[in-house]
Amino acid sequence: MRRALFAITGLAASTTALVVLKGSPGATQVAQNLPTAQPVNPSGPGVDPSADPAAPAADPTGAAPKPSGTADAPTSPKPTKSSTTRPSGTKTTAKAPTAPKTTTKAPQSTTRRVTGPTVDTAEDYGYVQVQIVVSGNKIIDAVTLSLPSGGESDIHSGDVRNKYNGTGGEVVQKQSANLNTVSGATATSNAYKQSLRAAIEQAF
Amino acid sequence: MTHSHTHAAGRRTGTTSSRHGGRSAAPVPPQIPARRGPGGRRLLAALLLVGLLASVLPWWLGTPAGSLRTTAATVTAAGRITGLIAGYLLLVQVLMMSRLSVLERWIGGEQLARWHRDIGATLLVAVLSHLSLILVGYADLRNQSVLAEVGTLLGDYEDMLSAFVATGIMLVVGFSSVRAIRRALPYEVWHLLHRSSYLVLLLGYGHQFTHGAQLYKPGPVRTGWIALYLLVVAALLWGRVIAPLAFNLRYRLRVADVVAESPDTISIYLTGERLGRLEMLGGQYFRWRFLTPGCWWQSHPFSVSAAANGRWLRLTVKVVGRHTADLRDLEPGTRVWAHGPSGTFTAAHRVRERALLIAGGSGITPIRAMLEELPPGAALIYRARTPADVLLSRELDWLAQERDTSIWYVIGSRDDPGPRQLMSPDGLRQLVPDVARRDVYLCGPPGLVEQSVRALRRAGVPRRQIHLATFEL
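Chains F and X supply the protein sequences, listed in that same order.
Counting in my numbering, the first sequence runs from 458 upward without gaps.
Counting in my numbering, the second sequence runs from 4 upward without gaps.
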């Protein structure tokens, strides 16, 4: 029992330590280096992390620390945000093979992936980018390549993701961009719909 | 009762006793087993720690420094960390109870049970803090009360209902394992409750992947986490189904005879096929399942009370409950399903050349088996309340002669002056002057074990030389 108390104390102490270490800005270099490594992407610096050429390559290699960082990248805020703010509607077309799920260039035959533009949410929360998978003339899946993240945004983004995305999500059910707004996440919902609408227009 | 006999030191070494029945110990004394060091245990402990760090790593890498500015964000982050830790610890818990022979061999059943207990308590705390931190954090973010947040999570979040159910089950399992509560419950009830932990694994699975901030996205982290689950399930299947099946198909154990050792103690002799190839050490135990209409559904751990001899196995059992009472009526020929051997309470785990063994009551059974394999020169203190409680004395006397072992029978209640004096640090040192340089093996009722460990520590015996046999699980 003494060891259990020791373990529980350790759990509490290490959780606190981790949160405190992350909470103080500049305390750690590791996490800061990861996002800043992404703007090497020439097409849209920092805006569209999934377009980072490292992302598709990360999947097969499966090396531990870096891919896990890049896999999470869409949910992490972009340090270069203010300087690269782009108006909504910028078409970043045909990014088909970049999504983590795809098998590079195979799906050209029956299913297509269409990526919507990166849309800035109101109130400066972050960016939303939607990608839909189209089979024939039906949407069969929807994924978000980026969503606002950090602090409060995580939870709203999670709600939006849960409602809209996936093979059983609202996008697939409704087959249109007329989605119900997620309560408490109006800005994110609207940005989502905007990106989705553009993707649908482009696909059909 | 009022005048218990107190033979403080009835030493019997080398007494000639030719009457040791046709059935007592092995015809040829088995060889002394080679030592097994602590290397395997340390390696495994290190691996588990590395795994713990790796399970928190995705959070660390995925969270930008300085992003936890608000209280809500900080609380949510703490909830995520505890969630990842809880998810990992749950897998470790199940893995440790998978009965994998590697684990039993490297760590040993007794040690595993102790780890399982400590990690179990930690896991419960981790899960509860994960739940409450996330609830408080999310409620703050959505600007609603914690109760309303519970409603939101249950109503709008996929897989969250089952996660709440899993937490409830875990709470029940956790509290039923608190020592005081557990003692009040019949073993069977407790065991059934504990079995429902598998539901926790199943019900808790979904929400980690639909909502886990580090796991919902396809990628190496998610793949790795799923692989971990598959690994644990494979270990479970192997340790609990495939390996026992192979063991029992190979050895085909059956009851040969049931013999009364004392009014409330029986010995069950088992025979089978290919027993010569059975690798087993004296002091180890099996989990036994006797395939009769009343007993087949429960399995109980009992030590083997004689070292491996290639012809038969024997377990000696004190009749204390309903199950053990049923064992008295076993018919010869009854099939027996055994799972083992396990345990590190063996001569192979000694760290010194000589040993002191302390047995209390029916705790003599593993020690009796081990005596056959210990290097000569061991000493045995056998505590019993009355002379009638002394078991297997004829075999012990025979072993004392054969293996050059000193045996003291210490009879009397715990409060009698004789046993009290003897079980004190000074008494032990007087009896066994080199006690601090011996391995000490203890098996008996908890009170005796606790008291002896305290006395031994004060007599200068290092902790790593003290070996305990516990059958917690």
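Note that CB positions come from ideal geometry on N, CA and C, so glycine has one too.
Check	Outcome
With DSSP collapsed to three states, give me the class of X/Gly43.	helix
I'd like the span of the alpha helix (DSSP H) that includes X/Val413, first residue to last.	Not the alpha helix (DSSP H): X/Val413 falls in the beta strand (DSSP E), residues 409 to 414.
Consult DSSP for X/Arg386 and reduce its assignment to one of helix, strand or coil.	strand
If you measure between the beta carbons of X/Gly286 and X/Gly111, is that distance less than 8 Å?	no
Is there contact here, the region 236 to 243 of chain X with the region 93 to 108 of chain X, by at least three beta-carbon pairs under 8 Å?	yes
Below 7 Å CB to CB, which residues in the same chain sit around X/Pro67 once its five sequence neighbours on both sides are set aside?	none
How would you list, in chain order, the residues of chain X whose beta-carbon sits under 7 Å from the beta-carbon of F/Arg460?	Asp121
Is the Cβ-Cβ distance between X/Leu93 and X/Leu126 less than 8 Å?	yes
Would you tell me roughly how many angstroms separate the C-alpha atoms of F/Ser545 and F/Val576, rounded to the nearest one?	Because the pLDDT of F/Ser545 is 43, which lies under 50, any placement of that residue in the model is unreliable, and the number read from its coordinates should be weighed accordingly. Taking the straight line from one Cα to the other gives about 5 Å.
In angstroms with no decimal places, state the Cα-to-Cα distance between X/Leu402 and F/Ala474.	58 Å
Name the residue from F/Thr567, F/Ser592, F/Tyr649, F/Thr572 whose alpha carbon lies nearest to the alpha carbon of F/Leu604.	F/Tyr649
So F/Gly615 contacts chain X; which residues on that side make the cut at Cβ distance below 7 Å?	His214
Taking Cβ positions only, does X/Trp228 come closer than 8 Å to chain F?	no
Any idea what DSSP makes of F/Arg569, helix, strand or coil?	strand
Roughly how many angstroms lie between the CA atoms of X/Phe178 and X/Ser135, to the nearest whole one?	18 Å
Would you kindly work out how many angstroms separate the C-alpha atoms of X/Val320 and X/Trp62, rounded to a whole number?	51 Å
Quick one, which residues of the region 615 to 637 of chain F are near chain X if we go by CB-CB under 7 Å, in chain order?	Gly615, Asn619
Flag this pair as yes or no: are the beta carbons of X/Trp291 and X/Phe305 separated by less than 8 Å?	yes
Just grab the DSSP bridge partners of X/Arg317 for me.	X/Tyr272
Between the C-alpha atoms of X/Gly154 and F/Ala642, what's the straight-line distance to the nearest angstrom?	18 Å
Reducing DSSP to helix, strand and coil, say where F/Leu602 ends up.	strand
Just tell me which of X/Cys446, X/Tyr91, X/Arg243 has its CA closest to the CA of X/Val224.	X/Tyr91
In whole angstroms, what is the alpha-carbon distance linking X/Ile245 and X/Phe212?	30 Å
Along the chain, where does the alpha helix (DSSP H) that runs through X/Gly158 open and close?	149 to 159
Between which residues of its own chain and X/Arg38 is the CB-CB distance below 8 Å, once the five residues before and five after are set aside?	Ala351, His352, Arg353, Val354
By the three-class DSSP mapping on this structure, what secondary structure does X/Ala472 have?	coil
Please tell me whether F/Ala644 and F/Thr601 are closer than 8 Å, where the distance is taken between their beta carbons.	no
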